[in-house]
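Quick note: the sequence shown uses the working numbering, first residue 12, plus one each step.
Okay, structure first, notes after.
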Amino acid sequence: MSEHKMLVLLSDILATFKPQFEVGMSEFELISALKKPPYSVFDTNALSDSLVLFQTHFMLFHVLYHLRKDWRSDGSGELDIGATSIKLSPITIDKKTLSKADPLADYYLDWQHFSSTSERDVNEMIDDFWQAMGGTNISLQADDATLAEAALCLGIADLDSLNLAQLKIQYRKQQHIAHPDKGGSVEEAQKISAAYMVLRKHID
């Protein structure tokens, strides 16, 4: 199926989710529903590979932002779009406020970002995001106890042979498990980010 047909199909399907959006649902819940019959829009690997995950996320948000424009125009409501909550509420703000610049919407409505983003780009974005979430700024080398604790947090057994590629693989693996949409928590994700930064500084 071509990208255009896929987007048209996804738009038609998401328009039927208005009752669920009025209650509110997370992106993970929405993708999970779209992977199952009768929709079966996304394959079972939609949340496993980083590039496929990004493309799934981008395609979904691209259509959601188009729907937001349509539902604003016909007065259906204001669609609040976020990873943890997608919710349709009555429009309570004036048209002047709605017309203000929205960089996030501009990003997702520009389809070039879908085709031009590589797996390397995605992995760098993931690194940057979780490092920001961790709020960690390690300026000094950590002591042995801190290094051991960080290694334990990331499930790393041998610090002596650890290289950056191995560290990134283990970091992404643990973040995938700890992600709030996977049943983890922001606190767990922050701990993993902090451990990553400690070990990254150790390697550097």
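Every residue, glycine too, gets a C-beta built ideally from N, C-alpha and C.
From what residue to what residue does the beta strand (DSSP E) around residue i run?
i      : result
Lys111 : Where Lys111 is concerned, there is no enclosing beta strand (DSSP E), given that its DSSP letter is neither H nor E.
Apart from the five residues just before and just after residue i, which ones in its own chain have a Cβ nearer than 7 angstroms to its Cβ?
i      : result
Lys98  : Phe32, Gly35 and Asp91
Ile149 : With a pLDDT of only 42 at Ile149, under the threshold of 50, the placement of this residue in the model should not be trusted, and no figure is reported.
Lys202 : Cys164
Thr147 : Unreliable positioning characterises Thr147 in this predicted model, as indicated by a pLDDT of 47, which lies under 50. The coordinate reading is nonetheless provided below. Ser204, Ala205 and Met208, listed in sequence order.
Ser100 : Gly88, Glu89 and Asp91
Which residues in the same chain have their Cβ closer than 6 angstroms to the Cβ of residue i, if we skip the five residues on either side of it in sequence?
i      : result
Leu151 : Here the model assigns Leu151 a pLDDT of 48, short of 50, so the residue's position is not dependable and the matter cannot be decided.
Phe125 : Phe69
Trp122 : none
Using a Cβ-Cβ cutoff of less than 8 angstroms, which residues in the same chain neighbour residue i once the five nearest sequence positions on both sides are dropped?
i      : result
Leu18  : Met70, His73 and Val74
Ala168 : Ala162
His77  : Ser22 and Leu120
Glu131 : Reading the sequence as shown, one finds Arg at residue 131 and not Glu. Result list for Arg131: empty, nothing under 8 angstroms.
Gln181 : Leu165, Gly166 and Ile167
Under the DSSP definition of a beta bridge, which residues are partnered with residue i?
i      : result
Ser100 : Glu89
Comparing C-alpha positions only, which one of the options sits nearest to residue i?
i      : options                          : result
Phe53  : Thr27, Ser127 and Leu20          : Leu20
Lys80  : Phe65, Cys164 and Ile102         : Ile102
Gly166 : Ser172, Ala94, Leu178 and Ala156 : Leu178
Val133 : Phe65, Gly194 and Ala200         : Phe65
Ala176 : Ala26, Gly86 and Ile214          : Ile214
Pro49  : Thr27, Trp82, Ser127 and Leu62   : Thr27
Leu45  : Leu25, Asp113, Thr128 and Leu62  : Leu25
Leu104 : His15, Glu160, Gly86 and Ser172  : One point to set straight first is that residue 104 is Ile, not Leu, in the sequence displayed. Of the listed residues, the one whose Cα sits closest to Ile104 is Gly86.
For the alpha helix (DSSP H) that residue i lies in, which residues bound it at each end?
i      : result
Ile42  : Glu38 to Lys46
Phe32  : Lys29 to Val34
Ile188 : Leu175 to Ala189
Tyr76  : Ser61 to Ser84
Ser22  : Glu14 to Ala26
Thr157 : Asp155 to Leu165
Phe125 : Gln123 to Ser127
Ala168 : Segment: none, Ala168 is in no alpha helix (DSSP H) and carries neither H nor E.
Tyr207 : Val197 to Ile214
With a cut-off of 8 angstroms, does the C-beta of residue i fall near any C-beta of chain C?
i      : result
Thr128 : Here there is only one protein chain, and chain C is not present.
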